[in-house]
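Everything on this sheet refers to the single structure shown next.
Number of protein chains: 2
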Amino acid sequence: MNLLLLEPADFEAPGRVSLQGRRADHVRQVHRAVAGDRLRVGLIGGGMGEALVAEVSPAQVVLDVATADLATPPPAKQPVILLLALPRPKMLKRILQMVTTLGVEELVLLNSYRVEKSFWDSPWLAPEAVREQLVLGLEQARDTVLPRVTLAPRFKPFVEDVLPGLMAGRRGLLAHPGTGTACPADVRGPLLLAIGPEGGFIPYEVERLREAGLEACDLGSRILRVETAVAVTLGRLLPPQVGA
Amino acid sequence: MNLLLLEPADFEAPGRVSLQGRRADHVRQVHRAVAGDRLRVGLIGGGMGEALVAEVSPAQVVLDVATADLATPPPAKQPVILLLALPRPKMLKRILQMVTTLGVEELVLLNSYRVEKSFWDSPWLAPEAVREQLVLGLEQARDTVLPRVTLAPRFKPFVEDVLPGLMAGRRGLLAHPGTGTACPADVRGPLLLAIGPEGGFIPYEVERLREAGLEACDLGSRILRVETAVAVTLGRLLPPQVGA
Chain Y
0 MNLLLLEPAD FEAPGRVSLQ GRRADHVRQV HRAVAGDRLR VGLIGGGMGE
50 ALVAEVSPAQ VVLDVATADL ATPPPAKQPV ILLLALPRPK MLKRILQMVT
100 TLGVEELVLL NSYRVEKSFW DSPWLAPEAV REQLVLGLEQ ARDTVLPRVT
150 LAPRFKPFVE DVLPGLMAGR RGLLAHPGTG TACPADVRGP LLLAIGPEGG
200 FIPYEVERLR EAGLEACDLG SRILRVETAV AVTLGRLLPP QVGA
Chain R
0 MNLLLLEPAD FEAPGRVSLQ GRRADHVRQV HRAVAGDRLR VGLIGGGMGE
50 ALVAEVSPAQ VVLDVATADL ATPPPAKQPV ILLLALPRPK MLKRILQMVT
100 TLGVEELVLL NSYRVEKSFW DSPWLAPEAV REQLVLGLEQ ARDTVLPRVT
150 LAPRFKPFVE DVLPGLMAGR RGLLAHPGTG TACPADVRGP LLLAIGPEGG
200 FIPYEVERLR EAGLEACDLG SRILRVETAV AVTLGRLLPP QVGA
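Protein sequence lines, in the order shown, are assigned to chains Y and R.
Residues in the first sequence are numbered from 0 upward in steps of one, following numbering that gives the first Met the number 0.
Residues in the second sequence are numbered from 0 upward in steps of one, following numbering that gives the first Met the number 0.
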């Protein structure tokens, strides 16, 4: 946790936060904070700054944090929509965190022929469960703004009815093996990146995505785990946000 | 497992392999192979091709595989040495696999001020434990050649005595936050990439690495997990090996 994220509901009075549970444990055990210390905090969807530790007890951690203390804006999102075939639940959690950490602005979890049907029943897809992973990703990156996450459990209606709207004003890329064209690096401007499931999108799906304007590009002959493919491709495509 | 990797010791006679344990389970349960099927196999350090399933029984899986069947060369390694501050054991396993999957030719696990001393006592650093993760990475990527992994538990002697030899003929890059120079993309030719521990290399260490010829470069203000930083940076630096 590189940033202690506060929710509006944590404020028991204006300027006064009371924490229990995971975040309070972290303040006690990792920061080993005592009254009088200052902690780096951010408000979900808002600014970042420092809070003053007012109390550390077994029951709660109390912080003093005025709105004026949260004057640092969060880092800008990367202008990229990631269209990802729904990964297996175990991997989903890590990918949600990672995608958030990397500053992706929107994630669409898409069905594909090679996505196991049971994945759509995972409890990890419940909105609260997804949000929990996103928050962990924000805490890691020092960001406060949740990415948008949407589910597209039906491939064809999504590609026909939703994808054209997402693609408006964006360059679309589909990371797909065997196309022979290397995925580009440092692409400027709004992007949409599609990454298939283990085993890849089937030819029908590739065809539909191409018709929607996505350019297929290749990451090489090595078969990557989905998680690795996401990080490698975003690392290539997105210019580092340096000196902000 | 995208490639069933065979060890010389698996051959009970020339051209005949007997498997037990994890790999036999995989053939039975994931491939659901029966006698007469063909499986994609590779020989550790050697070629790749197809084997004929001769027997599937609870006791063993027997494959017929002649040397001539293993005529496909493994993919070329990426000409990069990764110099990585020793990560925490839990992360080490995944990173060993990932680095192997990405085709890194050599990995040096380095001490740093911010590496917890206890990490060096991890059973996951034993040669057999490391090799196990590397093999999983090769199976994922469809490669047969183990990367070289060395340990550098003392920073200063490594940087003074070993690093100059590794740097000969290579461009050296150090991914380090706050330098203000974005890490380059698609670097051609032999590379050495250094990535610090959680919290980064300390200024003394950065100074020594720079003296050794490494250029510091920046991935942006977001704080990435080591695992993510490794994938993102390698994804940027290494041109995809397309159309091999």
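C-beta: ideal position from N, C-alpha, C; glycine also.
If you're wondering where the values come from, they're calculated on a predicted model, not measured in any experiment.
| Query | Result |
| --- | --- |
| Run of the beta strand (DSSP E) containing R/V225, from where it starts to where it stops | Not the beta strand (DSSP E): R/V225 falls in the alpha helix (DSSP H), residues 225–236. |
| Within 8 Å, strictly: CB atoms of R/G198 and R/H175 | no |
| Against chain R: residues of the region 213–229 of chain Y by CB proximity under 7 Å | D217, L218, G219, S220, R221, I222, L223, R224, T227 |
| Cβ of Y/L101 within 8 Å of any chain R Cβ | yes |
| Counterpart residues of R/R15 in DSSP-defined beta bridges | R/A12, R/D63 |
| Buried or exposed by the 16-neighbour rule on C-beta atoms within 10 Å, applied to R/D63 | exposed |
| Distance, Y/L4 Cα to Y/H25 Cα | 12 Å |
| Residue-chain proximity (R/L3, chain Y), Cβ-Cβ < 8 Å | no |
| Nearest neighbour of Y/P238, chosen from R/G164, R/C182, R/E210, R/Q59 [CA to CA] | R/C182 |
| The beta strand (DSSP E) enclosing Y/R37, as first and last residue numbers | 37–42 |
| Span separating the alpha-carbon of Y/S17 from that of Y/G234 | 38 Å |
| R/L173 vs R/A151 beta-carbon contact at 8 Å | no |
| Host alpha helix (DSSP H) of R/A58 (start-end) | Segment: none, R/A58 is in no alpha helix (DSSP H) and carries neither H nor E. |
| Interface residues of chain R facing Y/R141 [CB-CB closer than 9 Å] | S220, R221, I222 |
| Start and end residues, alpha helix (DSSP H) containing Y/V78 | Here the sequence assigns Pro to residue 78 of chain Y, which means Val is not the residue at that position. Segment 77–84 is the beta strand (DSSP E) holding Y/P78; no alpha helix (DSSP H) there. |
| Cβ of Y/D68 within 8 Å of any chain R Cβ | no |
| Neighbour list for Y/D244 in chain R, Cβ cutoff strictly below 8 Å | Given that chain Y is displayed from residue 0 to residue 243, the structure contains no residue 244 of chain Y and the question cannot be resolved. |
| Y/T71 at chain R interface by Cβ criterion, 8 Å | no |
| Cβ neighbours of Y/L34 in the same chain (closer than 8 Å, five flanking residues each side left out) | With the sequence shown as reference, residue 34 of chain Y is identified as Ala, and Leu is not the correct amino acid for it. Hits under 8 Å: V52, A53, E54, V55. |
| Cutoff 8 Å: Y/G179 Cβ touching any chain R Cβ | yes |
| Classification of R/Q96 by the beta-carbon crowding that lies within 10 angstroms, buried from 16 upward | buried |
| At least three beta-carbon pairs within less than 8 Å, the region 73–92 of chain Y to the region 223–234 of chain Y | yes |
| Under 8 Å between C-beta atoms of Y/R191 and Y/L165 | Per the sequence shown, residue 191 of chain Y should be read as Leu rather than Arg. In this structure, Y/L165 lies closer than 8 Å to Y/L191 by Cβ. |
| Chain-ordered neighbours of R/L191 on chain Y, where CB pairs are closer than 8 Å | Chain Y residues near R/L191: none, gap ~18 Å exceeds 8 Å. |
| Exposure label - R/D120; buried when at least 16 CB within 10 Å | exposed |
| Three-way DSSP call (helix, strand, coil) for R/A0 in this model | With the sequence shown as reference, residue 0 of chain R is identified as Met, and Ala is not the correct amino acid for it. Three-state result, R/M0: coil. |
| Cβ-based burial, Y/R22 [other Cβ within 10 Å; buried from 16] | buried |
| Identity of the residues DSSP links to R/G48 by a beta bridge | R/V40 |
| For Y/E11 and Y/L223, the rounded distance between their alpha carbons | 47 Å |
| Close Cβ partners of Y/G102 (< 6 Å) along its chain, the five nearest in sequence each way excluded | K76, Q77 |
| Host alpha helix (DSSP H) of Y/I94 (start-end) | 88–100 |
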